[in-house]
Structure formats: C-alpha cells, structure tokens
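In this note's numbering, the protein residues as written are 14 to 163. Every residue, glycine too, gets a C-beta built ideally from N, C-alpha and C.
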Ligand code: IDP
Ligand code: MG
C-alpha cells in the first residue's frame, strides 16, 4: 500500500468542490486515512513547494496557496500515487483529459484545484509537513476486499 498527500487547494474550497473531489477519490477505491482544514502560512508553503523555488511561477504559487484555507488529506491505496495523479489529470487543465478532476473542473494551471505528491519520497516528506503520526488513522475497511484483489 502506498500513501500520498493530497491538498484540495483554495480554489476547490472557494468553488465548493471539496465533496465532488473527495467523492471522486473515494469512488476510485482510495482510502482516506487523515484529513484536516488549515490555512497554510508562507513558511509551510515554501517548504511544501521547495522543489519549485527557482521557477518563475513560485511567488504566484505561494501567494495562491496561502490565499485562503485548504483541505489536506492522506490517501492510501494500491499504487495510490499513480491512482490519485491519474484521477487529478495533467498539471495544466487545458491539457488535462476529460474525465479527470482538472480536465472537468478547471481552466488555469495556477488554479488547478488539487495537489498530489509525485513520488513515494515526496509523499513521505509532504505527509510529515502536514500531519503528526497520531493524526493518521489505522483502520480496516470492510469494502476493501471488493476493491483490491488478494
Ligand atoms: P503538479 O501539481 O501537477 O504536481 P507541479 O509541476 O508539481 O504540478 O507544479 C506545482 C504547481 O505549480 C501546479 O499544480 C500548478 O498549480 C503550479 N504551476 C506549475 N507550472 C506552472 C506554470 O507554468 N505557471 C503557473 N503555475 C504553475
Ligand atoms: Mg507536483
């Protein structure tokens, strides 16, 4: 089982899409093991997006992600990183396939609704930035045997 940090970005909360986006992840068979609402400060934002420090869009990205509250989740599943990222769609919604979250509900690369870690290493680092071990739930879902082949 893999874990991934997911953020429902400020535009998702402002547009009232939390339920729809979480519903799509749940329908995919992914399991939510942590969730909270928070308003990121610039220090956390810079740490979370450290890989993009040198990019031209970095300042705008930090301004946007700290502009309004967001929802952070840890999601678990078989190949969770690939599953979540394919459900998210391409970074630029203009190039995201129809049927994906970004392809169906967004227009702009800077306001693309959702973040998902892009590797196991990034997921471990990002989950640690947002959640303590006590905030991550350890529980069984009865339906998992109908989702994941043994
Ligand atoms: P990802 O969110 O699909 O993993 P990344 O390349 O990690 O995409 O970029 C992080 C975030 O930075 C994107 O989700 C997007 O909001 C923003 N971003 C990426 N590229 C651009 C750009 O060219 N212009 C403006 N914002 C960008
Ligand atoms: Mg990324």
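| Backbone secondary structure at residue 64 - three-state DSSP | For this step, residue 64 is matched to residue 51 along the chain shown. Residue state, collapsed to three classes: helix.
| Within the segment 65-146, ranges of the alpha helix (DSSP H) (whole runs, at least 4 residues) | 71-78, 93-101, 114-118, 133-143
| field | For residue 122, the nearest candidate out of 56, 42, 74 (CA to CA) | value | Numbered from its first residue, the chain shown carries residue 122 at position 109. Comparing Cα positions, the closest option is 74.
| Span separating the alpha-carbon of residue 160 from that of residue 32 | As a first step, residue 160 is located in the chain shown; it is residue number 147 there, counting from the start. As a first step, residue 32 is located in the chain shown; it is residue number 19 there, counting from the start. Whole-angstrom Cα-Cα distance: 21 Å.
| field | DSSP three-state assignment for residue 16, whether helix, strand or coil | value | Residue 16 sits at position 3 when you count from the first residue of the chain shown. Correct three-state label for residue 16: strand.
| said: Taking its Cβ as the centre, do 16 or more other Cβ atoms sit within 10 Å of residue 52, making it buried, or is it exposed? | reply: Along the chain shown, one-based indexing puts residue 52 at 39. Under this definition residue 52 is an exposed residue.
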